[in-house]
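Comments concern the structure below.
Protein chains in written order, with the UniProt record's numbering: chain A, 1 to 401; chain B, 1 to 401.
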C-alpha cells in the first residue's frame, strides 16, 4: 500500500530526532512522538511546589490509560481496586506503605525512571548511557509498537509480531543490568517532592495481594506515558468503535472483520443485513484512517474475492471525515490519496458523527449509516494520568481540555 | 526440539491415511484422527430408529464444545441462550422454525454435510469429489490446527499462523462453489429421520437475533466434531488449568508465561512467591505434555537466560505423570525422552492429581505443588455433543462414560 511509504518517508524526514527533551529540572514531560505535530516545547520550572501532595491524586487510578495500552480491565477488577484503595486510605491515610525501590545512595549510579514504552520513551532509553545511569521503565506494555505499520496487521499483510519490538531488546540493560528493571505496571501518581512514583501492576490473579501497588524512587523522571484516543465526548464511541493504536486493537479488528465475513454467509441472513455486516466504516481521514482504508480495500480486492466469493459483492469501505483527508499533508499527496482510494472502491464521505449505536451511526445532518465494523481514528489527546499531574504544561495543551 | 521429529515421523508412518470412514448408512461418525490410538471401527446400522426425536436433545446446547474449539462463552451469553431456548420450546414446541438450507431436489448434486474441521473432517473434505457432491461444513472453528506443532507456538518457536490452515484453502469449493458453504457455527442436534442438522452460530452481537439458529438438510452426514479434554472430574481443572488443543489455548499459555516472568520482577515479591510464579507444571506425560515441557525448557535455556536475567534462576518446569511418560511409545523412545528432559532441567514427578487450586495443586499422596502456570494434557474423550447423539457407538467408547 502506497500510504505506508508516505508514512515511512515522513518518518525519515525527521532525521532520527524522535522528540525533544529538556532535563533542566528533575522531571521531564515528553510527548509521544508524532510525525504530524510539533514536539512539546521545553518545560521550565517543572519541579512542583512544596505543597504538592500525591494523596490528592491518589484516587485517580488510571484505568482508562490501562485500557488504551492494551490491558482489558474487567468491572470486577475495577471495583475491587476501588474498595482496596478506600480501605488503605482510611486505615493508613497519612502514609500508605508500599514495597518498592528506595532512593539511591551516594556513590550509586543515579536512577532514571521512565514512564511509558512508546516512541519517545523507547528512543530516550535507547540513547541513555547505562554506564552513567540505571534505568527503571514502568509501563503496562512491554513492547514498542511501530504504529505506521499497525494498519497492515489488521488484514494479514503483516504479522503482529513484525510491528512490535520488546522494550528489553531496545535497551538491553533493562533485562541484564543488576539495578535496571522493566516493571509491567501503570503509574498512577507522582510525588515530585519525595521523588517517588506510585505504580500498580496489571492483574493476572496470581500476586500475593491485588491490586499490587509499589513505589519507585527516582533521581530523574521522564514522563512519556502516552496519549488517549479523542472521542469528543460522542455517545457510544467507547462502547462500539474500535481504535487502532495497539496490537490488541488490530487483533480485535481482524477478528471482527473475519467473523463478519463468516457470519454473513449464514443461511437466512437478509440482503440488507449482509450489506450492514460487511460495511466497514472508518471515522477520521488522518494517516491512520487513510492507511487502514487502503489496507482494507487491498484485502477486499485480493483476498475476499477469492476466499469469500459468496459474499464478496456486499463488502464496502466508507471513510468519513469532517474536512479533507490528510489535511496536514501537501496538496499533491492529498490528491494522490483521494484518487487512489476512490479507484480502490473506498467511499469518501463528508460528515460529522453525532451518535454511535451498536449497528449504525448517525451523522450531524441526520444521515443514518449502518455498519458491521467501525474504526475510530480521529487523533489523540492527553491521558487522564497526564491531566491529573500537577505540573506546568505547555499553553497549547489547553485546547484539549 | 527432538520430540516434534518423533511426532512427525509417527505421522508419516500412517502413510497418508488419516482415519477410516464408512458410509454404508447415511451417517458417518468419525473420530478426530490421533496417531496414538486406533481409528474408530466402521459403524454398521448407523441410521437411527424412527422414534428418534431431536427435541429430546434440544436443550443440550454444546457450550462446552464451543469452548474447547476456541470460542469463549461468557456467562451472560449462556444464560441468554438458555432463556431463549426455553421460550422457543414453549411457544413452538412441536416445530421450531429455522432458516436454513432445505433438502436438495432431484437432479441437484447430493449435499454432504461435515460437522467439524479437525484432522478427520479436513482430510475427508480434501478428498471429496466436488464434481459429484456439494459440501457444507459446520464448525465453530474456520481452520485446521496442526496439533503436533502447537506446543512450539506457546514459546514463540513457531508463529501461530504457521500451524493453522484455513478450511476453505483445504477445500476451495467451500469458498467458491455456489452450493458449498462453510458455516461458523456449532451443531447442537441431529435429526436422522428428517435428514437435518440444527446449528447455532457463534455470537458477536451483530446478528438480527441471537442466538442465531438454523438448520441444514443433508443427503450424507459426517460427524467429526472432535473430542474434549479429559479432566476425570478433578476439582478445579476447568477453572485453573490451561489445555493445549487450540490456537487460543497456546496464546493464553504464552501470555500467562510472559506475564508471570514480568510480574515476578516486581519489587517486593518474596523469594517463595517468585518461585511459585515461575513454576510451570505440566500434567500428563503423553506426547503433548512431553513436547510442551521440552519446548518450555528450550525457551528457558535460550530466551529467559538472556532476556529475564533478574529472575532466570527461579524458573522451573515439572512434568507430573501417574505412570511412565510416553507410555504408548517404544521403550527406546521413552528412554530417550526421559534422558533428554532430565538433561534439560525438566523435573519428572510421579503422582496423581487430587485437587487443583488457584495457586497450587494437591496430589493423592498429600504433596502440595505450588504453580504459576498449569498445563493439563491428560488425553481426550468424547464431547457432550457426541455423547448426546442417539446413534450406535463402538463398544470401547463405554470406557469413557
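Cβ atoms here follow ideal geometry from the backbone N, Cα and C, with glycine treated the same way. Predicted model only: the values in this text are computed from it and were never measured.
Would you mind sorting residue i into buried or exposed? The rule is 16 or more other CB atoms within 10 Å of its CB.
{"i": "residue 233 of chain B", "result": "exposed"}
{"i": "residue 331 of chain A", "result": "exposed"}
{"i": "residue 147 of chain B", "result": "buried"}
{"i": "residue 365 of chain B", "result": "exposed"}
{"i": "residue 274 of chain B", "result": "buried"}
{"i": "residue 132 of chain A", "result": "exposed"}
{"i": "residue 54 of chain A", "result": "With a pLDDT of only 30 at residue 54 of chain A, under the threshold of 50, the placement of this residue in the model should not be trusted, and no figure is reported."}
{"i": "residue 168 of chain A", "result": "buried"}
{"i": "residue 18 of chain A", "result": "Residue placement at residue 18 of chain A is flagged as unreliable, the pLDDT there being 30, under the threshold of 50; a coordinate-derived value is accordingly withheld."}
{"i": "residue 127 of chain A", "result": "exposed"}
For residue i, write down the residues that DSSP places opposite it in a beta bridge.
{"i": "residue 183 of chain A", "result": "A:138"}
{"i": "residue 281 of chain A", "result": "A:318 and A:374"}
{"i": "residue 166 of chain A", "result": "A:143"}
{"i": "residue 213 of chain B", "result": "B:200"}
{"i": "residue 346 of chain A", "result": "A:317"}
{"i": "residue 360 of chain B", "result": "B:370"}
{"i": "residue 220 of chain B", "result": "B:112"}
{"i": "residue 242 of chain B", "result": "B:375"}
{"i": "residue 252 of chain B", "result": "None, per the DSSP bridge assignment."}
{"i": "residue 228 of chain B", "result": "B:381"}
{"i": "residue 128 of chain A", "result": "Beta-bridge pairing links residue 128 of chain A to no other residue."}
{"i": "residue 191 of chain B", "result": "B:196"}
{"i": "residue 353 of chain A", "result": "A:363"}
{"i": "residue 100 of chain B", "result": "B:215"}
{"i": "residue 235 of chain A", "result": "A:355"}
Could you tell me which of the options sits nearest to residue i, measuring between CA atoms?
{"i": "residue 250 of chain A", "options": "A:344, A:394, A:106 and A:295", "result": "A:295"}
{"i": "residue 309 of chain B", "options": "A:357, A:312 and A:172", "result": "A:172"}
{"i": "residue 140 of chain A", "options": "B:214, B:166, B:263 and B:242", "result": "B:263"}
{"i": "residue 421 of chain A", "options": "A:387, A:120, A:113 and A:155", "result": "Look at the range of chain A in this structure, 1 to 401, and you will see that residue 421 of chain A is not part of it."}
{"i": "residue 379 of chain B", "options": "B:189, B:245, B:120 and B:124", "result": "B:245"}
{"i": "residue 221 of chain A", "options": "A:196, A:213 and A:203", "result": "A:196"}
{"i": "residue 186 of chain A", "options": "A:147, A:138 and A:148", "result": "A:138"}
{"i": "residue 314 of chain A", "options": "A:320, A:364 and A:261", "result": "A:261"}
{"i": "residue 229 of chain A", "options": "A:383, A:387, A:301 and A:392", "result": "A:383"}
{"i": "residue 193 of chain B", "options": "B:247, B:103 and B:282", "result": "B:103"}
{"i": "residue 268 of chain A", "options": "B:359, B:209 and B:386", "result": "B:209"}
{"i": "residue 317 of chain B", "options": "B:169, B:285, B:323 and B:161", "result": "B:285"}
{"i": "residue 153 of chain A", "options": "A:252, A:126, A:100 and A:219", "result": "A:252"}
{"i": "residue 311 of chain B", "options": "A:265, A:175 and A:101", "result": "A:175"}
{"i": "residue 303 of chain A", "options": "A:157, A:122 and A:113", "result": "A:157"}
{"i": "residue 281 of chain B", "options": "B:373, B:168 and B:121", "result": "B:373"}
{"i": "residue 277 of chain A", "options": "A:360, A:149 and A:160", "result": "A:360"}
{"i": "residue 321 of chain A", "options": "A:334, A:348 and A:307", "result": "A:348"}
{"i": "residue 124 of chain B", "options": "B:161, B:170, B:160 and B:101", "result": "B:170"}
{"i": "residue 291 of chain A", "options": "A:105, A:106 and A:149", "result": "A:149"}
{"i": "residue 243 of chain B", "options": "B:272, B:283 and B:270", "result": "B:283"}
Less than 8 Å between the CB atoms is what I'm expecting for residue i and residue j, so what's the real figure, rounded?
{"i": "residue 460 of chain A", "j": "residue 259 of chain A", "result": "The question about residue 460 of chain A has no answer here: the residues shown for chain A are numbered 1 through 401."}
{"i": "residue 166 of chain B", "j": "residue 143 of chain B", "result": "5 Å"}
{"i": "residue 297 of chain B", "j": "residue 375 of chain B", "result": "Contact doesn't hold; Cβ gap of about 13 Å is too wide."}
{"i": "residue 279 of chain A", "j": "residue 370 of chain A", "result": "6 Å"}
{"i": "residue 355 of chain B", "j": "residue 236 of chain B", "result": "6 Å"}
{"i": "residue 224 of chain B", "j": "residue 116 of chain B", "result": "4 Å"}
{"i": "residue 118 of chain B", "j": "residue 226 of chain B", "result": "5 Å"}
{"i": "residue 336 of chain B", "j": "residue 213 of chain B", "result": "51 Å between Cβ atoms; not a contact."}
{"i": "residue 319 of chain A", "j": "residue 344 of chain A", "result": "So it is not a contact: roughly 11 Å between Cβ atoms."}
{"i": "residue 180 of chain B", "j": "residue 134 of chain B", "result": "5 Å"}
{"i": "residue 136 of chain B", "j": "residue 113 of chain B", "result": "5 Å"}
{"i": "residue 188 of chain B", "j": "residue 198 of chain B", "result": "6 Å"}
{"i": "residue 363 of chain A", "j": "residue 352 of chain A", "result": "6 Å"}
{"i": "residue 190 of chain A", "j": "residue 389 of chain A", "result": "6 Å"}
Members of the region 161–175 of chain A that neighbour chain B once the beta carbon cut-off is set at 9 Å = If the cut-off is 9 Å between Cβ atoms, the region 161–175 of chain A has 161, 166, 168, 169, 172 and 175 near chain B.
May I ask you to list, following chain order, the residues of the region 117–151 of chain A that have a beta carbon less than 7 Å from some beta carbon of chain B?
-> Residues of the region 117–151 of chain A with a Cβ closer than 7 Å to any Cβ of chain B, in chain order: 142.
Contact set between the region 260–273 of chain B and chain A, restricted to residues whose Cβ is under 8 Å from the partner | So the close ones are 260, 262, 263, 265, 266, 267, 268, 269, 270 and 273.
If contact means a Cβ-Cβ distance below 9 Å, which residues of the region 302–322 of chain A contact chain B?
-> Listed by position along the chain: 306, 307, 308, 309 and 310.
Using a Cβ-Cβ cut-off of less than 8 Å, give me the residues of the region 344–378 of chain A that come near chain B, in sequence order.
-> Residues of the region 344–378 of chain A with a C-beta atom less than 8 Å from some C-beta of chain B are 358, 359 and 372, listed in chain order.
May I ask you to list, following chain order, the residues of the region 95–117 of chain A that have a beta carbon less than 9 Å from some beta carbon of chain B?
-> For the region 95–117 of chain A, which is checked against every Cβ of chain B, the residues closer than 9 Å are 98, 99, 100 and 101.
Members of the region 277–295 of chain A that neighbour chain B once the beta carbon cut-off is set at 7 Å = From the region 277–295 of chain A, only 277 have a Cβ closer than 7 Å to chain B.
Mind checking the region 333–344 of chain A against chain B and listing, in chain order, the residues whose C-beta falls within less than 8 Å of any C-beta there?
-> Residues passing the 8 Å Cβ filter: none.
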